[in-house]
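Residue numbers (my numbering): 23 to 98.
In structure tokens, the structure reads:
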């Protein structure tokens, strides 16, 4: 994780183990017809072995420019 990351201070405070080992991203498939969700076994991104050391994923961007945090905002 780069030294200039604005999130670095919070990462060290709240995620000390992940700062040392790196984060992961998994994909959850949601069944909107029948209900339920499951982890997609074919999708896993491990940031523990990045070339510049372990990294933590933040603010993933979707192709349309939306951010992952946007999907958690309540609808008005």
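Glycine residues also receive a C-beta, built at the ideal position from the N, C-alpha and C atoms.
> Near residue 78, which residues of its chain fall below 8 Å by C-beta distance, leaving aside the five closest residues on each side in sequence?
Replying inline: Within the same chain, and ignoring the five residues on either side of residue 78 in sequence, the residues whose Cβ sits closer than 8 Å to its Cβ are 23, 29, 33, 37, 40, 41, 44, 45 and 69.
> Which residues in the same chain as residue 49 place their Cβ atom closer than 6 Å to its Cβ, once the five residues preceding and following it in sequence are excluded?
Replying inline: Non-local beta-carbon contacts of residue 49 in its own chain, meaning distances under 6 Å to residues more than five positions away in sequence, involve 62 and 65 in chain order.
>> Could you check whether the Cβ of residue 62 sits closer than 7 Å to any heavy atom belonging to the ligand COA?
In response: With respect to the ligand COA, the structure offers nothing, as it holds no ligand at all.
> Which parts of the region 28-64 are runs of the beta strand (DSSP E), unbroken and 3 residues or longer, counting only runs that do not cross its ends?
Replying inline: For the region 28-64, whole beta strand (DSSP E) runs of length 3 or above, ordered along the chain, are 46-52.
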